[in-house]
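Visitor: The sequence shown maps to residues 50 to 394 in my numbering. Sharing a structure here in structure tokens format.
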Amino acid sequence: MVKELLRKLSDAHGVSSSEGSIRDIVRAELAGVVDEFREDTMGNLVAVKRGGDFSIMIAAHMDEIGLMVQYIDEKGFIRVVPIGGWYGPVLYCQRVILHGKNGPVMGVLGAKPPHVMKEDERKKEIKIENMFVDVGATSEEEVKNLGIEIGTPITIDREFTELAGTRITGKALDNRVGVAMLIRALQQADSPHTIYGVFTVQEELGLKGAKVSAYSLNPDCAIATDVTIPGDHPGIEKKDASVEMGKGPVLVLVSASGRGLMADPRMTAWLRETAEKNDIPCQIEVGTGGNTDATIIHLERGGIPSIPLSIAARYIHSPVEVVDAADVEAGIRLLVEALKGKPAF
Numbered sequence: 050m051v052k053e054l055l056r057k058l059s060d061a062h063g064v065s066s067s068e069g070s071i072r073d074i075v076r077a078e079l080a081g082v083v084d085e086f087r088e089d090t091m092g093n094l095v096a097v098k099r100g101g102d103f104s105i106m107i108a109a110h111m112d113e114i115g116l117m118v119q120y121i122d123e124k125g126f127i128r129v130v131p132i133g134g135w136y137g138p139v140l141y142c143q144r145v146i147l148h149g150k151n152g153p154v155m156g157v158l159g160a161k162p163p164h165v166m167k168e169d170e171r172k173k174e175i176k177i178e179n180m181f182v183d184v185g186a187t188s189e190e191e192v193k194n195l196g197i198e199i200g201t202p203i204t205i206d207r208e209f210t211e212l213a214g215t216r217i218t219g220k221a222l223d224n225r226v227g228v229a230m231l232i233r234a235l236q237q238a239d240s241p242h243t244i245y246g247v248f249t250v251q252e253e254l255g256l257k258g259a260k261v262s263a264y265s266l267n268p269d270c271a272i273a274t275d276v277t278i279p280g281d282h283p284g285i286e287k288k289d290a291s292v293e294m295g296k297g298p299v300l301v302l303v304s305a306s307g308r309g310l311m312a313d314p315r316m317t318a319w320l321r322e323t324a325e326k327n328d329i330p331c332q333i334e335v336g337t338g339g340n341t342d343a344t345i346i347h348l349e350r351g352g353i354p355s356i357p358l359s360i361a362a363r364y365i366h367s368p369v370e371v372v373d374a375a376d377v378e379a380g381i382r383l384l385v386e387a388l389k390g391k392p393a394f
């Protein structure tokens, strides 16, 4: 069952540029399965299954959005900067973990309480620069004695939980879902081709790891496993996000209205035909926002034909992201079946 792997990955912590704990899980899951591990200077982990001359890169970013210590005041309150794309109100009053040099330290994100706000303040968004982390300390020295310093990474303290049916919730499902899909695909795939399973870093900060790894590997084509936004809940309309949870993985033809990626039609046909042949449910998306590692991969070298294979995920970039595990299982099956063949180049 993919749920338990998702639990392990979601509950682990790995803010952008501090993805080591996720790398450790990947290595453990794929030990004895792949022919080789490579880790580059940025921290991308490449799991290689050797085959013929044709090579397929599958990228899944390991990093999650988080925070970082910017300043510690004399009373022990900690100011932070966001690492990745947060919406301020989502963070207000969350519990966090500071990953200090002496081990994890618990804290809470505080701000001015609404009871003492002026009327005009209550109408405004609570901004991250007005929040602070309270670890219970009473001085800067006490905070530093806990092993916390400027530059300490911070993640949300939230545990994976099962909802009704096959639906699950947790932090960092963007993109531990993609990581789980790639792990399982590598475990199950029997391909005549060389497969580079690339677990990338710093996607949330500008697709950085994928750029470096794609240039280095120069594969014949690439798939990015990630998540995408569905339009199946209150507050969003289907005309703005046409895909739904529970209806299978998503082939993203266009991201960011084309400013990001225009998926290679041959990649689309390959995956779409594989889904139809194997009775795997599959959705098609033309998106106006959001990018994946595929956006940067397709621009490397002389151009690398690429496409995102995504899973519909509600409430992304929050501590309570929701996906349907059945969609994830279907995405794994699609990858496994597709890797038996290749695009018609």
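Every residue, glycine too, gets a C-beta built ideally from N, C-alpha and C. It should be emphasised that the depicted structure is a prediction, and the values quoted were computed from it without experimental measurement.
Tell me the rounded alpha-carbon separation between Gln332 and Ile197.
Guide: Position 283 of the sequence shown, counting from 1, holds the residue named residue 332. Position 148 of the sequence shown, counting from 1, holds the residue named residue 197. Distance between the alpha carbons of Gln332 and Ile197 is about 45 Å.
Visitor: State the start and end residues of the unbroken alpha helix (DSSP H) segment that holds Asp342.
Guide: Counting from one through the sequence shown, the residue named residue 342 turns up at place 293. Asp342 -> alpha helix (DSSP H) spans Asp342 to Ile346.
Visitor: Since I believe Ser67 is in contact with His148 (beta carbons under 8 Å), could you give me their beta-carbon distance rounded to a whole number of angstroms?
Guide: Locating residue 148 in the sequence shown gives position 99, counting from the first residue. Locating residue 67 in the sequence shown gives position 18, counting from the first residue. His148 to Ser67, Cβ: 7 Å. Contact.
Visitor: Does the beta-carbon of Cys270 have 16 or more other beta-carbons within 10 angstroms, so that it is buried, or is it exposed?
Guide: One-based indexing of the sequence shown puts residue 270 at position 221. Result: buried.
Visitor: Going by DSSP in three states, Gly149 sits in which element: helix, strand or coil?
Guide: If you number the sequence shown from 1, residue 149 lands on position 100. Here Gly149 sits in strand by DSSP.
Visitor: I need the boundaries of the alpha helix (DSSP H) containing Glu370, first residue and last residue.
Guide: Along the sequence shown, one-based indexing puts residue 370 at 321. Per DSSP, Glu370 belongs to no alpha helix (DSSP H); it is in the beta strand (DSSP E), Glu370 to Asp373.
Visitor: I need the straight-line Cα distance from Arg207 to Leu195, nearest angstrom please.
Guide: Position 158 of the sequence shown, counting from 1, holds the residue named residue 207. Position 146 of the sequence shown, counting from 1, holds the residue named residue 195. Rounded to whole angstroms, Arg207 to Leu195 spans 22 Å at the Cα level.
Visitor: Lys52: which of Val301, Val371, Leu384 and Leu300 sits nearest, CA to CA?
Guide: As a working mapping, residue 52 is identified with position 3 in the sequence shown. Taking only the C-alpha atoms, the option nearest Lys52 is Val371.
Visitor: Leu212: buried (16+ other C-beta within 10 angstroms of its C-beta) or exposed?
Guide: Here residue 212 refers to the residue found at position 163 when the sequence shown is read from its first residue. Leu212 comes out exposed.
Visitor: If you follow the alpha helix (DSSP H) that Gln237 is in, where does it begin and where does it stop?
Guide: For the purposes of this step, residue 237 is taken as residue 188 along the sequence shown, with counting starting at 1. Element bounds for Gln237: Leu222 to Gln237.
Visitor: From which residue to which residue does the alpha helix (DSSP H) around Gly137 run?
Guide: Position 88 of the sequence shown, counting from 1, holds the residue named residue 137. It spans Gly137 to Leu140 - the alpha helix (DSSP H) in which Gly137 sits, taken as one unbroken run.
Visitor: Take the Cβ of His242 as the centre, count every other Cβ of all protein chains shown within 10 Å, and call the residue buried at 16 or more, exposed below.
Guide: If you number the sequence shown from 1, residue 242 lands on position 193. That one is buried.
Visitor: Just to confirm, are Leu384 and Ala234 a CB contact at a threshold of 7 Å?
Guide: Along the sequence shown, one-based indexing puts residue 384 at 335. Along the sequence shown, one-based indexing puts residue 234 at 185. Result yes, Cβ atoms of Leu384 and Ala234 sit closer than 7 Å.
Visitor: Should Val192 be flagged as near chain D, meaning a C-beta pair shorter than 7 Å?
Guide: This model lacks chain D altogether; it includes just one protein chain.
Visitor: Nearest to Pro392 by alpha carbon, out of Asp328, Ala343 and Pro314?
Guide: Within the sequence shown, residue 392 is the residue found at index 343, counting from 1. Nearest of Asp328, Ala343 and Pro314 to Pro392, Cα basis: Pro314.
Visitor: Could you check the C-alpha separation between Ala343 and Asp122 for me, to the nearest Å?
Guide: The sequence position of residue 343 within the sequence shown is 294, counting from 1. The sequence position of residue 122 within the sequence shown is 73, counting from 1. Rounded to the nearest angstrom, the two C-alpha atoms are 41 Å apart.
Visitor: Given that a residue counts as buried once 16 or more other Cβ atoms are within 10 Å of its Cβ, and exposed if not, what is Arg350?
Guide: Within the sequence shown, the letter at position 301 stands for residue 350. It is exposed - the Cβ of Arg350 has fewer than 16 other Cβ atoms within 10 Å.
Visitor: Got a sec, what are the start and stop residues for the alpha helix (DSSP H) Lys98 sits in?
Guide: The sequence position of residue 98 within the sequence shown is 49, counting from 1. That residue, Lys98, is in no alpha helix (DSSP H); its beta strand (DSSP E) goes Leu94 to Lys98.
Visitor: Determine the contact status of Thr341 and Ala229, defining contact as a CB-CB distance below 7 Å.
Guide: Translated into positions along the sequence shown, residue 341 becomes position 292. Translated into positions along the sequence shown, residue 229 becomes position 180. No, Cβ-Cβ distance for Thr341 and Ala229 is not below 7 Å.
Visitor: Measure the CB-CB distance between Val303 and Val335 and report whether it falls below 7 Å.
Guide: Taking the first residue of the sequence shown as 1, we reach residue 303 at position 254. Taking the first residue of the sequence shown as 1, we reach residue 335 at position 286. Yes, the Cβ-Cβ distance between Val303 and Val335 is below 7 Å.
Visitor: Measuring CB to CB, does Leu248 end up less than 7 Å from Met155?
Guide: Translated into positions along the sequence shown, residue 248 becomes position 199. Translated into positions along the sequence shown, residue 155 becomes position 106. Reading off the sequence, residue 248 comes out as Phe, not Leu. The answer is no: Cβ separation not under 7 Å.
Visitor: Could I get the ranges of all uninterrupted beta strand (DSSP E) runs contained in the segment 237-314, with 3 residues as the minimum, in chain order?
Guide: Within the segment 237-314, the complete beta strand (DSSP E) runs of at least 3 residues are 243-249, 270-277 and 299-303.
Visitor: I need the boundaries of the beta strand (DSSP E) containing Val130, first residue and last residue.
Guide: Counting from 1 along the sequence shown, the entry for residue 130 is found at position 81. First-last of the beta strand (DSSP E) with Val130: Ile127 to Ile132.
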